[in-house]
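In our numbering, the protein residues as written are 1361 to 1661. Glycine residues also receive a C-beta, built at the ideal position from the N, C-alpha and C atoms. Note that this is a predicted model, so its numbers are computed, not measured.
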Ligand SMILES: [Zn+2]
């Protein structure tokens, strides 16, 4: 009996150990996965809000990215980095929009665009809904130049008209201090080496490298003059930039199809893109955000 009893206790201990081991393992697995609002149930959200009031909203676009990359490139970039941040911090990601402000790319088919005021309203109303449940700290992870104005407007509106706090943590944010461009990347701004590299890391199945070709960049006389002068007077770069990435109707010669033969804005060859270069930027940008979130978590709610 004693022996049997001892055996039975050992058996119980063994079973409990197994349960504990796999239970811990399953939890650890969960901790390493990103939290996406659409993949959670309302009870998950209720549980989440007991310990955290933070949310990340990725901002990207659906716009042409050359003949070799998908229209959703900016969305996948913003989402990819947000997921990485979520996996490391446990902060929920709430994707709201697939499109951004991209009308100046509409000379290439498939590009979608929302007016800045439409985007601002949609994002603000989304934030208001999230506030109802207890979300109080909003982070926007933007990875599309055309969205900067909207992002700063919605952040200002949240900070100045509600009890919540909003900040930018993606491209252009003061927390992002990394430099990822390499020497051979000349004026590599859109769908060039940088972005192709990021997509080779994030969504390699959607990149068609055999179609990646150096674009022919064309500047009209005014843009050419400003470019030349800005080499000597860098402050004129501001005017040069104000003329680019604008709708064709403005007659400034700065719409995407007026500047680039195939939609890529770069003086370099996108074939030089590498997965390693992309990984460095994706992980680098995510790390700055993780560092910031961990610091913010420690402050008073
Ligand atoms: Zn892009």
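Inset, instruction - Quick one: residues in its chain with C-beta nearer than 6 angstroms to the C-beta of residue 1611, no 5 flanking neighbours on either side, listed in chain order? - result: none
Inset, instruction - Can you say whether residue 1598 is buried or exposed, counting buried as having 16 or more other CB atoms within 10 angstroms of its CB? - result: exposed
Inset, instruction - Assign residue 1655 to one of two classes, buried (16 or more other C-beta atoms within 10 Å of its C-beta) or exposed (fewer than that). - result: exposed
Legend entry - Heavy atom of ligand 1 within 7 angstroms of residue 1551 beta-carbon: yes
Inset, instruction - Determine contact between the segment 1581-1597 and the segment 1451-1463, defined as no fewer than three beta-carbon pairs at a distance below 8 angstroms. - result: no
Inset, instruction - Quick one: grab the DSSP three-state call for residue 1326. - result: Any question about residue 1326 goes unanswered here, given that the chain covers just 1361 to 1661.
Inset, instruction - Please determine if the segment 1424-1439 and the segment 1513-1522 are in contact, where contact requires at least 3 C-beta pairs separated by less than 8 angstroms. - result: no
Inset, instruction - Have a look at residue 1542 and residue 1615 and give me their C-alpha separation to the nearest angstrom. - result: 26 angstroms
Inset, instruction - Would you be able to state if there are at least three C-beta pairs under 8 angstroms between the segment 1487-1505 and the segment 1629-1639? - result: no
Legend entry - Alpha-carbon spacing of residue 1387 relative to residue 1433, whole angstroms: With a pLDDT of 38 at residue 1387, under the threshold of 50, the modelled position of this residue cannot be trusted; read the value that follows with caution. Those two C-alpha atoms are separated by around 32 angstroms.
Legend entry - alpha helix (DSSP H) segments (min. 4 residues) lying fully within the segment 1580-1627: 1581-1592, 1597-1602, 1616-1619
Inset, instruction - Examine ligand 1 and report whether any of its heavy atoms sits within less than 7 angstroms of the Cβ of residue 1521. - result: no
Inset, instruction - Answer yes or no: the CB of residue 1504 versus the heavy atoms of ligand 1, is any distance below 7 angstroms? - result: yes
Legend entry - Close-in-space but distant-in-sequence residues of the same chain around residue 1648 (CB under 6 angstroms, 5 per side omitted): 1535, 1536
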